[in-house]
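Chemist:
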Amino acid sequence: MKEYFKVSTKTIVATGLGAAIFMLLFMYVKVPSPVPETSFQTAYGLSGFFATLFGPIAGALISFIGHALSDAVQYGSPWWSWVIASGVSGFIFGFAFKRTNVEEGEFKGKDILTYNIIQIIGNVVAWIIVAPVLDILIYQEPASLVFTQGATAAIMNIISAGVFGTLLLVAYSATRTKKGSLSKK
Amino acid sequence: MKLFSYNTVDTPIHCLSGFTKLLCFLLLTFAVMYSYDIRVVLLIMIFSIAILKVSRIQFSQIRTMVIYALIFIVTNAIISFFFSPEMGVEIYGTRHRIIKLVGNIYLTQEQLLYQVTKFFKYASVIPLGMIFLLTTNPSEFASSLNGVGIPYKASFAVALTLRYFPDIQRDYRDISLAQQARGLDLSHKAKFKDRFKNSLLTVIPLIFSTLDRIELISNAMDLRGFAKYKKRTWYTSKKLDRQDFTAIGISALIFIGSLCVSLFINHSRFYNPFI
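Just so you know, the sequences run in chain order A and B.
Residue 168 in numbering that gives the first Met the number 0 sits at position 169 of the first sequence; the count goes up by one each step and never skips.
Residue 17 in numbering that gives the first Met the number 0 sits at position 18 of the second sequence; the count goes up by one each step and never skips.
#1: Assuming Val28 (chain A) is part of the beta strand (DSSP E), what are its boundary residues?
#2: Report yes if the CB atom of Ser79 (chain B) is closer than 8 Å to the CB atom of Leu144 (chain A), and no otherwise.
#3: Looking only at its own chain, which residues have a Cβ that is under 7 Å from the Cβ of Leu200 (chain B), when we skip the five neighbours before and after it?
#4: Taking the alpha helix (DSSP H) that Gln179 (chain B) falls in, what are its first and last residues?
#5: Mark Glu109 (chain B) as exposed unless 16 or more other C-beta atoms lie within 10 angstroms of its C-beta, in which case mark it buried.
#6: Using CA coordinates, which residue listed in A:Ser182, A:Ala173 and A:Leu168 is at the minimum distance from Phe53 (chain A)?
#7: Using three-state DSSP, classify Tyr234 (chain B) as helix, strand or coil.
#8: May I have the straight-line CA-CA distance separating Met0 (chain B) from Phe71 (chain B), to the nearest angstrom?
#9: Just to confirm, is the Cβ distance from Ile134 (chain B) to Ser54 (chain B) under 8 Å?
#10: Beta-carbon of Gln73 (chain A) versus every beta-carbon of chain B: anything under 8 Å?
#11: Need the endpoints of the alpha helix (DSSP H) that Lys52 (chain B) sits in, please.
#12: Go through its chain and collect everything with a Cβ distance to Ile98 (chain B)'s Cβ below 6 Å, but skip five positions before and after it.
#13: Using beta carbons (cut-off 8 Å, strictly below), is Leu168 (chain A) in contact with chain B?
#14: What's the gap between the Cα of Gln139 (chain A) and the Cα of Pro126 (chain B)?
#15: What are the boundary residues of the beta strand (DSSP E) that Ser38 (chain A) is part of?
#16: By DSSP, does Arg98 (chain A) sit in helix, in strand, or in coil?
#17: With a threshold of 8 Å, are at least 3 pairs of Cβ atoms found where one atom belongs to the segment 20-33 of chain B and the other to the segment 228-238 of chain B?
#18: If you compare alpha carbons, which of A:Thr51, A:Leu24 and A:Phe49 is closest to Ser38 (chain A)?
#19: Would you verify that the beta carbon of Gly128 (chain B) is, or is not, closer than 8 Å to some beta carbon of chain A?
#20: Would you say Leu159 (chain B) faces chain A, with C-beta separation under 8 Å as the test?
#21: Could you name the residues that DSSP lists as bridge partners for Leu106 (chain B)?
#22: Taking beta-carbon pairs under 7 Å, can you tell me which members of the segment 230-257 of chain B lie near chain A?
#23: Going by alpha carbons, who is nearest to Thr151 (chain A) out of A:Asn122, A:Thr176 and A:Tyr171?
#24: Sorted by chain position, which residues of the same chain lie with C-beta nearer than 6 Å to Arg96 (chain B)'s C-beta, five sequence neighbours on each side aside?
#25: Any idea what DSSP makes of Phe273 (chain B), helix, strand or coil?
#26: From what residue to what residue does the alpha helix (DSSP H) around Gln148 (chain A) run?
#27: For the alpha helix (DSSP H) containing His66 (chain A), name the first residue and the last one.
#28: What are the uninterrupted segments assigned as beta strand (DSSP E) that are 3 or more residues long and contained completely in the segment 108-136 of chain A, given in chain order?
#29: Going along chain A, which residues have a C-beta under 7 Å from Lys152 (chain B)?
#30: Tell me the rounded alpha-carbon separation between Ile90 (chain B) and Asp36 (chain B).
#31: Using 10 angstroms around the beta-carbon of Cys23 (chain B), count the other beta-carbons present and answer buried if the total reaches 16, otherwise exposed.
#32: Between the segment 13-28 of chain A and chain B, which residues of the former have CB atoms less than 9 Å from a CB of the latter, in chain order?
#33: Among residues of its own chain, excluding the 5 on either side of Leu100 (chain B), which ones have a beta-carbon nearer than 7 Å to its beta-carbon?
#34: Does DSSP put Thr74 (chain B) in a helix, a strand or coil?
#35: Just confirm the distance between the C-beta atoms of Ser261 (chain B) and Tyr121 (chain B), as a whole number of angstroms; I'd bet it's less than 8 Å.
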């Protein structure tokens, strides 16, 4: 458990650069959805990918910083409840860290399943529980509205983290040297 | 798109230290977020617009943000009305009908007050954020985050994000042009599905080249002894002077004032003129 929360220099750098890509994707690579103020964000695929490689702290900070800064740049001020929910989702994605064999060059069947179960839990907790509840507590938004928005966001982010995140992890595992790929003759 | 279109202008706001501005921004945002009293909200809004004038921010600098924010607030107002037109009645406990809209939906005075308050509440936060973004030197931002109690490693991550965002944006453009030269269609002519797929094909090389860069930067930082000690000093941090304390004092007063109005005058977060 301890290694999950170890913060090395590499974690910090991965967080900084990951958040920068998150911002870029969050602002430019998205598809609007029929429910107002939500859209299909490829950024959550990225945060799933980085969280699996660098752990929960990196995952939480990447989504939190990336979301807060892109909100600030676009609207002038972050929408705190959703920014916090983003952080929570990234944090939970981070529990896929060291649970898969992606660093050993294998990301198949069981690993894909593990990653996807974790990302689904993360998205459900963040968008169906944390985001709407904070919306009601901080902003006193109508409950029916925020739960509709939350459920839409959850579904779209599950697809994004599931499809785009899995693709990235598979591609990444192909660049790693396989365990036991050298044999002595 | 330029990230922080910060430029040095000699105004009292620019002279404040980054720490002061961050603290004031947080105090004022929380003051306005907590209160649902239209009088408090309007006062803070007037105050923040006055500060916007003092800091001599040109409208051209903030035009895109203003447009985006207005679209956001207006859609929010419209959909929250149609999702729960009775929210105001629920909150204030009375019901004064104004006119009948479609079907069973009535416009009530309570709903109108709730929505107008909410509109100004969101609108008044925006100038505050803009002032903070446009008058703070990006390299001072990390030191001020550390100043308000955020661990320096996390502050450093923010500094790295701000430092590398322009680079990543440039790489993204380069890769996108290279892919287009190879025949990936990203224009409006391509089908929506293909366009989305092709834009992912530009993002993937960007992510993998960034992974290499992470290795490089973290090695460089390790070699310079980053994170050796529990604390660090910042090259850009300023000492607080009298102006800083005045600014913090004013913001703290507004914050406490907003809390007191809610606690002692309204006895809730809402101002209720109907009872």
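Cβ coordinates follow ideal geometry from the N, Cα and C atoms, glycine included.
Modeler: If we stick to the structure as given:
#1: Here Val28 (chain A) belongs to no beta strand (DSSP E), and DSSP marks it neither H nor E.
#2: Going by C-beta atoms, Ser79 (chain B) is nearer than 8 Å to Leu144 (chain A).
#3: Within the same chain, Leu200 (chain B) has close Cβ partners Gln178 and Leu183.
#4: Per DSSP, Gln179 (chain B) belongs to the alpha helix (DSSP H) from Tyr151 to Ala180.
#5: Classification of Glu109 (chain B): buried, given that the 10 Å Cβ count is 16 or more.
#6: Considering only alpha carbons, the answer is A:Leu168.
#7: DSSP places Tyr234 (chain B) in coil when its eight states are reduced to three.
#8: Unreliable placement is indicated for Met0 (chain B), whose pLDDT of 49 sits below 50; no coordinate value is reported for it.
#9: Looking at the sequence itself, residue 134 (chain B) is Thr, so the reference to Ile does not match. In contact: Thr134 (chain B) and Ser54 (chain B) (Cβ atoms closer than 8 Å).
#10: Yes, Gln73 (chain A) counts as interfacial toward chain B.
#11: First-last of the alpha helix (DSSP H) with Lys52 (chain B): Ile37 to Val53.
#12: If we look at Ile98 (chain B) and ignore the five residues flanking it on each side, its Cβ neighbours are Leu106.
#13: No - not a single Cβ of chain B is within 8 Å of the one on Leu168 (chain A).
#14: Answer to the nearest angstrom: the Cα atoms are 21 Å apart.
#15: Counting along the chain, the beta strand (DSSP E) containing Ser38 (chain A) begins and ends at Ser38 to Gln40.
#16: Arg98 (chain A): coil per DSSP, three-state reduction.
#17: A contact between stretches requires three or more CB pairs, one per stretch, nearer than 8 Å, and the segment 20-33 of chain B fails this requirement with the segment 228-238 of chain B.
#18: Taking only the C-alpha atoms, the option nearest Ser38 (chain A) is A:Leu24.
#19: Yes, because at least one Cβ of chain A sits closer than 8 Å to the Cβ of Gly128 (chain B).
#20: Interface residue, yes.
#21: For Leu106 (chain B), which the question treats as bridged, DSSP gives the partners B:Ile98.
#22: So nothing in the stretch comes that close.
#23: When C-alpha distances from Thr151 (chain A) are compared across A:Asn122, A:Thr176 and A:Tyr171, the shortest belongs to A:Asn122.
#24: Cβ within range, chain order: Tyr105 and Thr107.
#25: In the structure shown, Phe273 (chain B) sits in coil (DSSP, three-state: anything other than H, G, I, E or B).
#26: Per DSSP, the unbroken alpha helix (DSSP H) holding Gln148 (chain A) starts and ends at Ala142 to Ile158.
#27: First-last of the alpha helix (DSSP H) with His66 (chain A): Pro55 to Tyr74.
#28: Those beta strand (DSSP E) runs which fall completely within the segment 108-136 of chain A and span 3+ residues do not exist here.
#29: Neighbours of Lys152 (chain B) on chain A, chain order: Val6 and Ile11.
#30: The straight-line gap from Cα to Cα measures roughly 13 Å.
#31: Cys23 (chain B) counts as buried, since no fewer than 16 other beta carbons sit within 10 angstroms of its beta carbon.
#32: Listed in chain order, the positions of the segment 13-28 of chain A with a beta carbon within less than 9 Å of a beta carbon of chain B are Ala13, Thr14, Gly15, Leu16, Gly17, Ala18, Ala19, Ile20, Phe21, Met22, Leu23, Leu24, Met26, Tyr27 and Val28.
#33: Listed in chain order, the non-local C-beta contacts of Leu100 (chain B) below 7 Å within the same chain comprise Leu106, local neighbours out to five positions each way being set aside.
#34: Here Thr74 (chain B) sits in helix by DSSP.
#35: Incorrect: roughly 18 Å between the Cβ atoms, too far for contact.
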